[in-house]
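Chains L and A supply the protein sequences, listed in that same order. Under this note's numbering, the first residue of the first sequence carries the number 25, and numbering increases by one thereafter. Under this note's numbering, the first residue of the second sequence carries the number 25, and numbering increases by one thereafter.
Protein chains: 2
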Amino acid sequence: MSRPPKAREALLSAYRDLVALEGERAATLEAVAARAGVSKGGLLYHFGSKEALLKGLLEAFRADFALDRELMAADPEGPSRYFVRTSLYTGTELDRLFVAVLRLAQGGSVPAREALAATERGWHELVRAEVGDTATATAIMLMGEGLYQYSSYSGARPEADFGTSLDEVLAVVDRLTGRRS
Amino acid sequence: MSRPPKAREALLSAYRDLVALEGERAATLEAVAARAGVSKGGLLYHFGSKEALLKGLLEAFRADFALDRELMAADPEGPSRYFVRTSLYTGTELDRLFVAVLRLAQGGSVPAREALAATERGWHELVRAEVGDTATATAIMLMGEGLYQYSSYSGARPEADFGTSLDEVLAVVDRLTGRRS
DNA sequence: GTCTATATCTCGATAGAC
DNA sequence: GTCTATCGAGATATAGAC
Numbered sequence: 025m026s027r028p029p030k031a032r033e034a035l036l037s038a039y040r041d042l043v044a045l046e047g048e049r050a051a052t053l054e055a056v057a058a059r060a061g062v063s064k065g066g067l068l069y070h071f072g073s074k075e076a077l078l079k080g081l082l083e084a085f086r087a088d089f090a091l092d093r094e095l096m097a098a099d100p101e102g103p104s105r106y107f108v109r110t111s112l113y114t115g116t117e118l119d120r121l122f123v124a125v126l127r128l129a130q131g132g133s134v135p136a137r138e139a140l141a142a143t144e145r146g147w148h149e150l151v152r153a154e155v156g157d158t159a160t161a162t163a164i165m166l167m168g169e170g171l172y173q174y175s176s177y178s179g180a181r182p183e184a185d186f187g188t189s190l191d192e193v194l195a196v197v198d199r200l201t202g203r204r205s
Numbered sequence: 025m026s027r028p029p030k031a032r033e034a035l036l037s038a039y040r041d042l043v044a045l046e047g048e049r050a051a052t053l054e055a056v057a058a059r060a061g062v063s064k065g066g067l068l069y070h071f072g073s074k075e076a077l078l079k080g081l082l083e084a085f086r087a088d089f090a091l092d093r094e095l096m097a098a099d100p101e102g103p104s105r106y107f108v109r110t111s112l113y114t115g116t117e118l119d120r121l122f123v124a125v126l127r128l129a130q131g132g133s134v135p136a137r138e139a140l141a142a143t144e145r146g147w148h149e150l151v152r153a154e155v156g157d158t159a160t161a162t163a164i165m166l167m168g169e170g171l172y173q174y175s176s177y178s179g180a181r182p183e184a185d186f187g188t189s190l191d192e193v194l195a196v197v198d199r200l201t202g203r204r205s
């Protein structure tokens, strides 16, 4: 691992946050450069094109979610609860990274879609290994996906619109896994 | 109800499909006009701005999903199964309409977000009335949302990635509602 | 390694012919 | 009611100074 220049990291973070927080359209080269504190020309020294910027983001995505998978596999409450618990968007760096890649995938980016699908298959494997049954594992995955999608499009929360807390959702997950709450 | 001109309908359909199938960025005035078979100037005669185009789409959304809610309330299998069953994206007009509004909401449009939230609260009410319990209703809603989101970002299906059919997901829903499969 | 300047393209919207 | 022509803003990307 060669230590990447500081500006490179700052540019990737700026790109991630702009896409996640203000949408793909807001993440212009100029806006990304400004948020990272460099000029447009400076950005284009590190990433020769917008596509290169995306490629850099997907590399970070794969690396960070490989680590997250380790945490999920080792969680004392089990992968299912870990997955659903962390599917509530709370604005962490990892949340923003996921949402950014999700938005790019929804925007039509094929490599983003592939990176996302690979990560999700990994999660499904862990949940299935825990609950034994494929359909139940899928149902739990879908709940997590729904939670993420719902809580990530701008501050809306199941608490607000559906009157249900995360703990109550987790209790339903426990009913499915057979774990006592 | 005044009968709207044919071109108006064609433009709204073109806008809906471009947003749903190729993303918000692809839905430029020129692309929408071309898909509807008119010129950019022709489009701007019917809709004076891009915002007016969005407003027209949201009106169609509200009208069509008010009708869908009637079907959901009257479904012989019950609202929960109806909801999850129809949450699998199959590319119908109603599917494309929902995905289009979802994408616009995710892109930051406040009116799109409001229209979506109102519709989802309506669904939640029906599901809760059926299952009795708020948390269970929310869990079912989340499964549907997850299914929609997953199956709508370009052809991916739970069957393909998770090895689970819609019927198997519905069986899990039945476990939650207490209905026998 | 970072900047300014600029070329080129595409977007939304206007104007006016038909 | 629909078209072509065009404007002004803002986008990506290039060139070259420092």
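Think of the CB as a built atom: it goes at the ideal place given N, C-alpha and C, for glycine as much as any other residue.
Excluding sequence positions up to five before and after A/D198, its CB lies within less than 6 Å of the CB of S205, all in the same chain and listed in chain order.
Cα atoms of A/L128 and A/R137: separation of roughly 8 Å, rounded to the nearest angstrom. Residue-level contact by beta carbon holds for L/P182 and chain A, with a gap shorter than 7 Å. Collapsing the DSSP output to three states places A/E149 in a helix.
Around L/L36, the same chain offers G80, L81, A84 as residues with beta carbons nearer than 7 Å, after the five sequence neighbours per side are excluded. In the DSSP assignment, A/D41 falls within the alpha helix (DSSP H) that extends over 30–46. The three-state reading of DSSP puts L/S176 in helix, counting H, G and I together.
Assigned with DSSP and collapsed to three states, L/L112 falls in coil, not helix or strand.
Rounded to whole angstroms, the gap between the alpha carbons of L/Y113 and L/R120 is 8 Å. Here L/A90 is exposed, its C-beta having fewer than 16 other C-beta atoms within 10 Å. Here the region 58–73 of chain L does not lie against the region 140–155 of chain A, with fewer than 3 beta-carbon pairs under 8 Å apart. Taking 7 Å as the threshold, the shortest C-beta distance from L/Y177 to chain A falls below it.
If you draw a 10 Å sphere on the C-beta of L/R40, you find 16 or more other C-beta atoms in it, and that means buried. Taking C-alpha positions only, A/T52 is separated from L/T201 by approximately 47 Å. Nearest CB-CB separation between A/H70 and chain L: not below the 7 Å threshold. The three-state secondary structure of L/A51, taken from DSSP, is coil.
The beta carbon of L/P103 lies closer than 8 Å to those of M96, A97, W147, L150, V151, A153, E154 in the same chain, with the five residues before and after it left out.
The beta carbon of A/G168 sits closer than 7 Å to the beta carbons of F107, V108, S111 from its chain, once the five residues preceding and following it are set aside; these are given in chain order. Counting along the chain, L/R120 sits inside the alpha helix (DSSP H) bounded by residues 117–130.
Excluding sequence positions up to five before and after L/M165, its CB lies within less than 8 Å of the CB of F107, E144, W147, H148, V151, all in the same chain and listed in chain order. Looking at the backbone, the Cα of L/V125 and that of L/L45 are separated by about 12 Å. A contact between stretches requires three or more CB pairs, one per stretch, nearer than 8 Å, and the region 184–194 of chain A fails this requirement with the region 185–199 of chain L. Across the set A/E183, A/R32, A/A159, the C-alpha of A/R32 shows the shortest separation from the C-alpha of A/L78.
Cβ neighbours of L/D88 within its own chain (closer than 7 Å, five residues either side excluded): L118, L121.
For the region 51–83 of chain A, the set of residues with a beta-carbon nearer than 8 Å to any beta-carbon of chain L is empty. Collapsing the DSSP output to three states places A/F107 in a helix.
Residue state for A/V134 is assigned as helix, using DSSP reduced to three classes.
Under the Cβ distance rule, A/F107 does not count among the residues neighbouring chain L, no pair being separated by less than 7 Å.
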